[in-house]
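> Read in our numbering, the sequence shown has 121 at position 88, and its numbers run on one by one without any break.
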Amino acid sequence: MGKIRNLGTSTMRFKEGLYVSGSASNENGTDSEYSLIVSGSVFVDGNINVMGSSKIMSREVNSFPYAVAANDYVILVAGVGSPRSINLPPKATNLGRILIIKDASANANSNNIQINPDGSEDIDQASDKLINKSKSAITIICASDQWHIIGYYEA
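1. Let me know the secondary structure DSSP gives A57 once reduced to three states.
2. In or out: S87 buried (at least 16 other Cβ within 10 Å) or exposed?
3. Helix, strand or coil for K88? Go by DSSP, reduced to three states.
4. What alpha helix (DSSP H) runs, 4 residues minimum, are completely inside the segment 125-153?
5. According to the neighbour-count rule (16 or more other Cβ atoms, all chains shown, within 10 Å of its Cβ), is V75 buried or exposed?
6. What does V107 pair with, by DSSP beta-bridge criteria?
7. Looking at H181: is its Cβ nearer than 8 angstroms to the Cβ of I171?
8. Need the endpoints of the beta strand (DSSP E) that N120 sits in, please.
9. On the premise that N142 lies in contact with N165, defined as a C-beta separation below 8 angstroms, what is that separation, rounded to the nearest angstrom?
10. DSSP state of K168, grouped into three classes?
11. Give the DSSP bridge partners of A100, in chain order.
12. Give every residue of the same chain whose Cβ lies closer than 8 angstroms to the Cβ of L128, excluding the five residues on either side of it in the sequence, and list them in chain order.
13. Considering only C-alpha positions, which residue in the set Q179, E187, N120, K162 is nearest to V94?
14. If you run the structure through DSSP and keep just helix, strand and coil, what is A188?
15. Let's test the definition: count the other Cβ atoms within 10 Å of the Cβ of N78 and tell me whether it reaches 16, buried, or not, exposed.
16. Going by DSSP in three states, I81 sits in which element: helix, strand or coil?
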């Protein structure tokens with residue numbers, strides 16, 4: 034198989050699926066460390082099987098209040114302040130989105146982390162969620178009715 038070059042904007046349909054083998058090239062025509070690079074959204078109607086490691090977006094924040102960015106997945110809360118506020122985006126445009134928020138500086142007992150849903154929205158039927166145990170982490174998912182806590186780690 035040859036190398037994949039910048040294809041521009043196009044639509045490809047495959048009856049049996051898409052298989053990529055080899056390496057991709059960036060816009061300069063030089064080899065990239067990735068097998069396939071997609072810019073934009075990818076929608077999969079079916080399963081995704083990963084036969085290796087994966088990388089996800091993580092961001093360390095130390096300026097508050099912090100508004101969750103469109104590409105955030107893991108938010109590592111550092112710095113000081115009480116509370117260290119993390120402001121969630123509106124649920125209407127984030128259905129199914131998962132966020133992990135972690136006390137990265139291990140000082141939530143004295144520098145609480147306050148997670149604030151947008152406007153009058155809720156997180157597990159509350160107007161906010163406070164992390165006040167050092168090294169703790171929370172995993173939340175956005176649903177049509179509210180943000181739901183689906184995991185909580187307390188060190």
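A virtual CB, placed ideally from N, CA and C, is assigned to each residue, including glycine.
The structure presented is a predicted model; accordingly, all values stated were derived computationally and were not measured.
Taking the coordinates as given:
1. Start at 1 with the first residue of the sequence shown, and residue 57 comes out as number 24. With a pLDDT of 49 at A57, under the threshold of 50, the predicted position of this residue should be treated as unreliable, though the coordinate-derived value follows. Correct three-state label for A57: strand.
2. By one-based count along the sequence shown, residue 87 stands at place 54. Exposed.
3. The residue you call residue 88 lines up with position 55 of the sequence shown. The answer is coil: DSSP assigns K88 none of H, G, I, E or B.
4. As summarised for the segment 125-153, there are no continuous alpha helix (DSSP H) elements at least 4 residues long confined to that stretch.
5. Within the sequence shown, the letter at position 42 stands for residue 75. With a 10 Å radius around the Cβ and a threshold of 16 neighbouring Cβ atoms, V75 comes out exposed.
6. Start at 1 with the first residue of the sequence shown, and residue 107 comes out as number 74. According to DSSP, residue pairing for V107 in a beta bridge involves S91, I133.
7. Sequence index remark: in the sequence shown, residue 181 carries index 148 (1-based). Sequence index remark: in the sequence shown, residue 171 carries index 138 (1-based). Result no, Cβ atoms of H181 and I171 do not sit closer than 8 angstroms.
8. One-based indexing of the sequence shown puts residue 120 at position 87. N120 -> beta strand (DSSP E) spans 117-120.
9. Working through the sequence shown from its first residue, we reach residue 165 at position 132. Working through the sequence shown from its first residue, we reach residue 142 at position 109. Right, their Cβ atoms sit about 6 angstroms apart.
10. Start at 1 with the first residue of the sequence shown, and residue 168 comes out as number 135. If DSSP states are grouped into helix, strand and coil, K168 belongs with coil.
11. The residue labelled residue 100 in the question sits at position 67 within the sequence shown. Partner(s): N120.
12. Taking the first residue of the sequence shown as 1, we reach residue 128 at position 95. For L128, the CB contacts under 8 angstroms within the same chain, skipping 5 residues up- and downstream, are C175, A176, S177 in chain order.
13. Looking up residue 94 in the sequence shown gives position 61. Of the residues Q179, E187, N120, K162, the one whose Cα lies closest to the Cα of V94 is N120.
14. For the purposes of this step, residue 188 is identified with residue 155 of the sequence shown, where counting begins at 1. Shown here, A188 sits in coil according to DSSP, grouped into three states, outside any helix or strand.
15. Counting from 1 along the sequence shown, the entry for residue 78 is found at position 45. The sequence shown places Asp at residue 78, rather than the Asn named in the question. Flag for D78 reads exposed.
16. Indexing the sequence shown from 1 puts residue 81 at position 48. I81 falls in the coil class under three-state DSSP.
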